[in-house]
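K.L.:
Here it is: the structure, laid out below.
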């Protein structure tokens, strides 16, 4: 079946039809026509005359599949367009759900040769012994990459099986999927009930069909789902066109005992487009909340539901989010929250999701069971290939899974623990993969339903046992002097240190002299003054530069944006507290606010500082030794830089060669020692732009061969996209959007997506154009220069795109030997490409925060975040520039050229799914908005501002 599916899609693609959904819809029409012929023949063979008219009348026999397949391609094509499809649109048949949705069916196969090819492949495959149309159709649906409006997409089969197995629909249940899409959940439910039925197969399928109900507002989806169910033997299902949000439950209210749903996540709706009965429960425009309200209306009292929801619904802070979660917990017996892996719905979406299980009107839940599904047996990349043999996949594999297998497939463990949720699961701790949380604990957290929150509480409780609360031995406050309070033209003779102000931008690795601090314009007394021994740091995420206040700073006024910690007793050494505050563990304890996250002084009090055994003097001595090693490493680095510079000092040629050899020998010896704790990719991870550095980090830390292979592909994609963003920004800055490759990029974005090859084409075109005009293009020109033998960065990128496209489009390695061979081809190209982009380490991607004019120097002083290296807590940077920069924008800063605006081709924004700051680039455009995709995780975001900017840029 896989071969037939591939041949069908290849034929349609060759004929110019590239939309997978349109391809499957046209094949569905052909399969429906074939199914009508089969049913007609079956009715003719019945010994008792059926109480129904034949499907094809006597003068319509030439429209039957068995007649059409004998025609020439041209005659078949003419008959389909002029007779068959008009006939299909005008006829419906009781018991055949597909016929109810064929009224607007259109024949869109463009050529007789494609029609003949498709019909021939279907007939050849399905007329062979043992071939099942249902199996072929499942393979066809698996090829559909996107479906329907508002982000509807195919739910993976193993997840539909999971939801059905946990909801357990029975023979007497009325099962409904109010957003049925391609019918995956209804098909899984039908098969589950059918297998559980004691009746004969014929009785069981008929009975089950009559208890299946599905709605959708996309007639294409209704056709696909009805065909899917029909080919599985459940053609009597009740499938109807319905807009649930507009119509509400209506006459369907409290009709169903089981609801299974994967509603659309994306978007808000106008209040006018929502039924008033839904607003009575929760007033909101969020469609994911409204769909859950519909489901509550559809369920009978005691009815069971399994619903996939976006992660944001579990922790959203709006009144509607909290009220919905309260209803589920306090009124509708929320039973379980199953967190799905972030790649569960790739390639359709990378949004984090969970499954909720609840019972209508079951009252207050005593406990809610949580399970962290980390692996479902399939890779979590865009390919979603199996990680285990067939006998070890699914909910109930035929072979026993060992510990290593469990790390790839958690589903059997999930089902086993689900059955134990009322017993042993209640005794598990929050650090386990599954655990229970009491209703009182959930209510205390505003009904937050994320297992991460309860794990965080557990970790804080554990830290409390192992540490000391900072607020118990320190006072914490914020700096109060505003930048507007500073004297713009201070008196140079004023030596009063008590009027000096330390601002966040001046807090770096080395504190400036008191005389270099700005002066407060008035004589008002600040809320607090600095004193010797205080700990100070920035409230803005990034490098906070926690440090101790020296004696000469005693009495200095702290500016807004500083956090000041005054130890009231020496429970732990000052140096130890500073070292811990600078650690990632401390950062993890801090709630952060805003797009560029800040911390609040009052919440610093709840940080738990881990205890450390030993005398304070011993702890200080050990910390001093650690700092000494860090200083020595920095000294070595300075010496190597100095040796490089000395090579070119004045002297004879032989002396210069001697200095070169000495510097090389010292560097080689140092490198040999460092390589014992290093690898060739660490430099890229630490010094390249954030998106590339994160991808390199994932590659370096991949545990399995399959993970490393996928990480290598993602690393190549991040590198190409980052170079492409830079190239587009250069083209926009130079007014060269008329370059053919750039114009093609704009058209591709508007038409539905840009291929990786297009991105490389932009890089090559912009670099070549700059080369012809004698411009360095921030280092891109030199990097893309062709090397001897046709080698170089461009050649490497072209080869990476070729390899990546083969892998992404069906030729992915499956066995270990294939993975090793494929990685052996990719990794050398990846390393060469990364090395060829060394100029990236000498630039900085900076997201600007604020800008102010320096009259004395005639320049602008800029502060912002450096988006370099792999750590998401970006370092705060400041610099002066002669060019006015916009606030809250992303720029490329180079050593010599003017800052280069990267917007609208890249922007920094909080991810709506995980709430972490991510870099986004425009992937495609609809008629009203730009759809952005994150460089790091593949998350998606809508942006009207980027849409407007790209439209204006493309037409300028």
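Residue numbers (this note's numbering): 1 to 956. Cβ coordinates follow ideal geometry from the N, Cα and C atoms, glycine included.
Counting pairs of Cβ atoms below 8 Å between the region 371-386 and the region 409-417, do you hit three or more?
P.N.:
At 8 Å Cβ cutoff, the stretches touch.
K.L.:
What residue range is occupied by the uninterrupted alpha helix (DSSP H) comprising residue 807?
P.N.:
Counting from 1 along the chain shown, the entry for residue 807 is found at position 807. Its alpha helix (DSSP H) spans residues 793-808.
K.L.:
By how many angstroms is the C-alpha of residue 850 removed from the C-alpha of residue 588?
P.N.:
In the chain shown, counting from the first residue as 1, residue 588 sits at position 588. In the chain shown, counting from the first residue as 1, residue 850 sits at position 850. A direct Cα-to-Cα measurement between residue 588 and residue 850 gives close to 26 Å.
K.L.:
Quick one, are the C-beta atoms of residue 30 and residue 102 less than 8 Å apart?
P.N.:
The sequence position of residue 30 within the chain shown is 30, counting from 1. The sequence position of residue 102 within the chain shown is 102, counting from 1. Cβ atoms of residue 30 and residue 102: not closer than 8 Å.
K.L.:
Which residues in the same chain have their Cβ closer than 8 Å to the Cβ of residue 399, if we skip the five residues on either side of it in sequence?
P.N.:
Translated into the one-based positions of the chain shown, residue 399 becomes position 399. Residues of the same chain with a CB within less than 8 Å of the CB of residue 399, apart from the 5 flanking positions on each side, are 389, 391 and 392 in chain order.
K.L.:
Can you tell me the Cβ-Cβ gap for residue 854 and residue 861, rounded? I've got them flagged as a contact below 8 Å.
P.N.:
For the purposes of this step, residue 854 is taken as the residue at position 854 of the chain shown. For the purposes of this step, residue 861 is taken as the residue at position 861 of the chain shown. Yes, they are in contact, since the Cβ atoms of residue 854 and residue 861 sit about 5 Å apart, within 8 Å.
K.L.:
Please list, in chain order, all residues of the same chain as residue 25 whose beta carbon is under 6 Å from its beta carbon, the five residues on each side excluded.
P.N.:
Stepping through the chain shown from its first residue, residue 25 is reached at position 25. Closer than 6 Å at Cβ, skipping near neighbours: 220.
K.L.:
Identify the continuous alpha helix (DSSP H) that holds residue 950 and give its terminal residues.
P.N.:
Here residue 950 is taken as the residue at index 950 of the chain shown, counted from 1. Where residue 950 is concerned, the enclosing alpha helix (DSSP H) stretches over 944-955.
K.L.:
Could you compute how far the alpha carbon of residue 938 sits from the alpha carbon of residue 837?
P.N.:
Here residue 938 refers to the residue found at position 938 of the chain shown. Here residue 837 refers to the residue found at position 837 of the chain shown. Rounded to whole angstroms, residue 938 to residue 837 spans 23 Å at the Cα level.
K.L.:
Return the CA-CA distance between residue 644 and residue 660, expressed in angstroms with no decimal places.
P.N.:
To locate residue 644, count along the chain shown from 1; it is residue 644. To locate residue 660, count along the chain shown from 1; it is residue 660. Those two C-alpha atoms are separated by around 8 Å.
K.L.:
With DSSP as the reference, label residue 562 as helix, strand or coil.
P.N.:
Your numbering for residue 562 matches position 562 in the chain shown. Three-state DSSP puts residue 562 in a strand.
K.L.:
Alpha carbon to alpha carbon, how far is residue 516 from residue 602?
P.N.:
What you label residue 516 is simply residue 516 of the chain shown in a count that begins at 1. What you label residue 602 is simply residue 602 of the chain shown in a count that begins at 1. One C-alpha to the other measures close to 30 Å.
K.L.:
Which residue or residues does DSSP assign as beta-bridge partners of residue 538?
P.N.:
For this step, residue 538 is matched to residue 538 along the chain shown. Bridge partners of residue 538: 562.
K.L.:
Should the region 878-893 be regarded as contacting the region 840-848, the criterion being three or more beta carbon pairs within less than 8 Å?
P.N.:
yes
K.L.:
Determine the contact status of residue 216 and residue 179, defining contact as a CB-CB distance below 8 Å.
P.N.:
Counting from 1 along the chain shown, the entry for residue 216 is found at position 216. Counting from 1 along the chain shown, the entry for residue 179 is found at position 179. In contact: residue 216 and residue 179 (Cβ atoms closer than 8 Å).
K.L.:
Give a yes or no on whether the C-beta atoms belonging to residue 382 and residue 436 are separated by under 8 Å.
P.N.:
Counting from 1 along the chain shown, the entry for residue 382 is found at position 382. Counting from 1 along the chain shown, the entry for residue 436 is found at position 436. For the pair residue 382 and residue 436, the CB atoms are not nearer than the 8 Å cut-off.
K.L.:
Would a C-beta distance cut-off of 8 Å place residue 237 and residue 204 closer than the cut-off?
P.N.:
In the chain shown, counting from the first residue as 1, residue 237 sits at position 237. In the chain shown, counting from the first residue as 1, residue 204 sits at position 204. The answer is no: Cβ separation not under 8 Å.
K.L.:
Helix, strand or coil for residue 924? Go by DSSP, reduced to three states.
P.N.:
Here residue 924 corresponds to residue number 924 of the chain shown, with the count starting at 1. The answer is strand: DSSP assigns residue 924 an E or B state.
K.L.:
Among 100, 96 and 95, which residue has its Cα nearest to the Cα of residue 89?
P.N.:
For the purposes of this step, residue 89 is taken as residue 89 along the chain shown, with counting starting at 1. Among 100, 96 and 95, the Cα nearest to that of residue 89 is on 100.
K.L.:
Give the range of the beta strand (DSSP E) segment to which residue 356 is assigned.
P.N.:
Taking the chain shown and counting its residues from 1, the one referred to as residue 356 is at position 356. Per DSSP, residue 356 belongs to the beta strand (DSSP E) from 353-359.
K.L.:
Taking only three categories from DSSP, how would you classify residue 307?
P.N.:
Locating residue 307 in the chain shown gives position 307, counting from the first residue. The answer is strand: DSSP assigns residue 307 an E or B state.
K.L.:
Once the 5 residues before and after residue 770 are set aside, which same chain residues still bring their CB inside 6 Å of it?
P.N.:
Position 770 of the chain shown holds residue 770. Closer than 6 Å at the Cβ level, and outside the excluded window around residue 770, lie 777 and 781.
K.L.:
In its own chain, which residues sit with a C-beta less than 7 Å from the C-beta of residue 160, not counting the 5 before and 5 after it?
P.N.:
Counting from 1 along the chain shown, the entry for residue 160 is found at position 160. Taken in chain order, the residues that qualify are 184, 185 and 188.
K.L.:
Provide the residue span of the alpha helix (DSSP H) that contains residue 288, from first to last.
P.N.:
Working through the chain shown from its first residue, we reach residue 288 at position 288. Here the alpha helix (DSSP H) through residue 288 covers 287-298.
K.L.:
Could you tell me whether the region 448-458 touches the region 312-322, using the rule of 3 or more Cβ pairs below 8 Å?
P.N.:
yes
K.L.:
Quick one: grab the DSSP three-state call for residue 859.
P.N.:
For the purposes of this step, residue 859 is taken as the residue at position 859 of the chain shown. Strand.
K.L.:
Which residues in the same chain have their Cβ closer than 7 Å to the Cβ of residue 953, if we skip the five residues on either side of it in sequence?
P.N.:
Position 953 of the chain shown holds residue 953. Here the set comprises 732 and 737.
K.L.:
In the DSSP assignment, the alpha helix (DSSP H) including residue 545 goes from what residue to what residue?
P.N.:
Taking the chain shown and counting its residues from 1, one reaches residue 545 at position 545. Counting along the chain, residue 545 falls outside any alpha helix (DSSP H), and DSSP gives it neither H nor E.
K.L.:
May I ask you to report which of helix, strand or coil DSSP gives residue 374?
P.N.:
Within the chain shown, the letter at position 374 stands for residue 374. DSSP places residue 374 in coil when its eight states are reduced to three.
K.L.:
Keeping to the same chain, check which residues put their C-beta closer than 6 Å to that of residue 92; ignore five residues upstream and five downstream.
P.N.:
Here residue 92 is taken as the residue at index 92 of the chain shown, counted from 1. The answer, listed in chain order, is 99 and 100.
K.L.:
Return the CA-CA distance between residue 899 and residue 762, expressed in angstroms with no decimal places.
P.N.:
Translated into positions along the chain shown, residue 899 becomes position 899. Translated into positions along the chain shown, residue 762 becomes position 762. When rounded, the distance between both Cα atoms is 20 Å.
K.L.:
Go through its chain and collect everything with a Cβ distance to residue 173's Cβ below 6 Å, but skip five positions before and after it.
P.N.:
Here residue 173 refers to the residue found at position 173 when the chain shown is read from its first residue. Result list for residue 173: 257 and 258, in chain order.
K.L.:
Measure from the alpha carbon of residue 527 to the alpha carbon of each residue in 544, 558, 396 and 690, then state which is nearest.
P.N.:
Indexing the chain shown from 1 puts residue 527 at position 527. Checked all of 544, 558, 396 and 690; the closest Cα to residue 527 is 558.
K.L.:
Just how far apart, CA to CA, sit residue 965 and residue 739?
P.N.:
No statement about residue 965 is possible, as the shown extent of the chain runs from 1 to 956 and does not include it.
K.L.:
Roughly how many whole angstroms lie between the Cα atoms of residue 264 and residue 742?
P.N.:
Reading the chain shown from its first residue, position 264 is the one you call residue 264. Reading the chain shown from its first residue, position 742 is the one you call residue 742. Spanning the two alpha carbons is a distance of roughly 34 Å.
K.L.:
Which whole runs of the alpha helix (DSSP H) in the region 739-785 are 4 residues long or more, in chain order?
P.N.:
Whole alpha helix (DSSP H) segments, 4+ residues: 740-751, 756-772 and 780-783.
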